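In the numbering used here, the protein residues as written are 1 to 299.
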């Protein structure tokens, strides 16, 4: 595990989550649970510097954003994964800026503490730096996001630089990049063998261009650790081992809402699919039998 991620109880703290405890100030992560203002990108940097970790989950609407925010999740991602987790597409490729903006607004309005990051979907930043800046501006102005995420390696360093210069905080995404699944030959682990050095170089180039963090997806743990050691900005992993500053999962995977085969890197912390199915079946049975609504549900 990277030395920078060694636990440091005396390090800086995030604004505290909801609950009880002393009021937090403008420093970084805390085990206390009291609302204390918005998490900003400098808090994530303080976490990296002090060897602390943070959690990130996707969110696409009001209630999950509110629940995850109050549970203390530090970063919420309005991912282009909404394409296949909200809109019913098979991949993330079809979703558009106009489809993601209302979801982003709902999350940003509902999360009072978490940093809200929005994905720039496929086709919204690749044409030119001008297009990328324009798309990023829309997510900050119309979507109320606090930052955006783009996929791709060092080729996009100048794109990141232009966006950051325009005042748009950017999270870089390397390793397996779902928007490039056809070019990559499908869902495959990236960075094995000779590809490891390329990922390190990508991370360095993107962080030097101004990205406030680097997200790595489906990367061998040892390679992710090397990347984390090579950059001063926080790293976030999904299928990238334990050495990163933060971890992210798609919430429908994490809670067991989505059915089917799960990726190796997914851990399910609940079984919402069964809970919701049982509730719906019981409701249907009670309606058909006349048990619901009862006298207590009637005026």
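Ideal placement from N, C-alpha and C gives every residue a C-beta, glycine not left out. The structure presented is a predicted model; accordingly, all values stated were derived computationally and were not measured.
Out of curiosity, what's the CA-to-CA distance linking residue i and residue j?
i           : j           : result
residue 94  : residue 182 : 13 Å
residue 8   : residue 171 : Caution is warranted here: a pLDDT of 40 is assigned to residue 8, below 50, making its placement in the model unreliable, and no coordinate value can be reported.
residue 197 : residue 191 : 8 Å
residue 140 : residue 101 : 10 Å
residue 49  : residue 229 : 11 Å
residue 240 : residue 293 : 50 Å
residue 243 : residue 219 : 12 Å
residue 39  : residue 148 : 15 Å
residue 47  : residue 77  : 18 Å
residue 193 : residue 177 : 18 Å
residue 129 : residue 209 : 13 Å
residue 81  : residue 160 : 21 Å
residue 270 : residue 278 : 14 Å
residue 113 : residue 54  : 13 Å
residue 173 : residue 45  : 17 Å
residue 253 : residue 275 : 15 Å
residue 299 : residue 286 : 19 Å
residue 98  : residue 43  : 30 Å
residue 217 : residue 175 : 5 Å
residue 179 : residue 247 : 20 Å
residue 195 : residue 189 : 10 Å
residue 142 : residue 75  : 19 Å
residue 123 : residue 88  : 19 Å
residue 225 : residue 127 : 32 Å
residue 295 : residue 289 : 15 Å
residue 268 : residue 291 : 34 Å
residue 280 : residue 233 : 45 Å
residue 282 : residue 297 : 16 Å
Going by beta carbon distance, what residues of the same chain come within less than 8 Å of residue i, once the five residues before and after it are set aside?
i           : result
residue 205 : 153, 154, 157
residue 137 : 166, 168
residue 301 : The structure shown has nothing for residue 301, since the chain only spans 1 to 299.
residue 264 : 239
residue 164 : 170, 209, 210, 211
residue 221 : 240, 241, 242, 243
Give me whichever residues DSSP pairs with residue i in a beta bridge.
i           : result
residue 149 : 119, 171
residue 127 : The partner list for residue 127 (beta bridge, DSSP) is empty, contrary to what the question assumes.
residue 217 : 175, 238
residue 246 : 54, 236
residue 44  : Partner(s): none; residue 44 has no beta bridge.
residue 75  : 56, 115
Step through the CB atoms of chain D and report whether any lies within less than 7 Å of the CB of residue i.
i           : result
residue 227 : Protein chains in the displayed structure number just one, and chain D is not present.
Please return the same chain residues whose Cβ sits closer than 7 Å to the Cβ of residue i, not counting the five positions on each side in sequence.
i           : result
residue 231 : 203, 204, 207, 214
residue 96  : 121
residue 249 : 57, 238, 266
residue 25  : Here residue 25 scores only 43 on pLDDT, less than 50, and its place in the model should not be relied on; the value that follows carries that caveat. Counting only Cβ-Cβ distances below 7 Å, and skipping sequence neighbours, we find nothing.
residue 84  : 90, 91, 92
residue 201 : 154
residue 284 : none
Using 8 Å for Cβ pairs, my map puts residue i next to residue j. What's the rounded Cβ distance?
i           : j           : result
residue 125 : residue 150 : 6 Å
residue 251 : residue 58  : 5 Å
residue 212 : residue 73  : At roughly 18 Å, the Cβ-Cβ gap does not stay under 8 Å, so residue 212 and residue 73 are not in contact.
residue 223 : residue 199 : 6 Å
CB-CB under 6 Å to residue i, same chain, minus the five flanking residues each way: which ones, in chain order?
i           : result
residue 110 : 62, 65, 66
residue 272 : 255, 256, 257
residue 235 : 214, 228, 244, 245
residue 60  : 82, 86, 103
residue 162 : 129, 133
With a threshold of 8 Å, are at least 3 pairs of Cβ atoms found where one atom belongs to the region 126-133 and the other to the region 91-106?
Taking 8 Å as the limit for Cβ pairs, the verdict is that the region 91-106 does not touch the region 126-133.
Cβ contact (3+ pairs, closer than 8 Å) linking the region 63-71 and the region 257-266
At 8 Å Cβ cutoff, the stretches do not touch.
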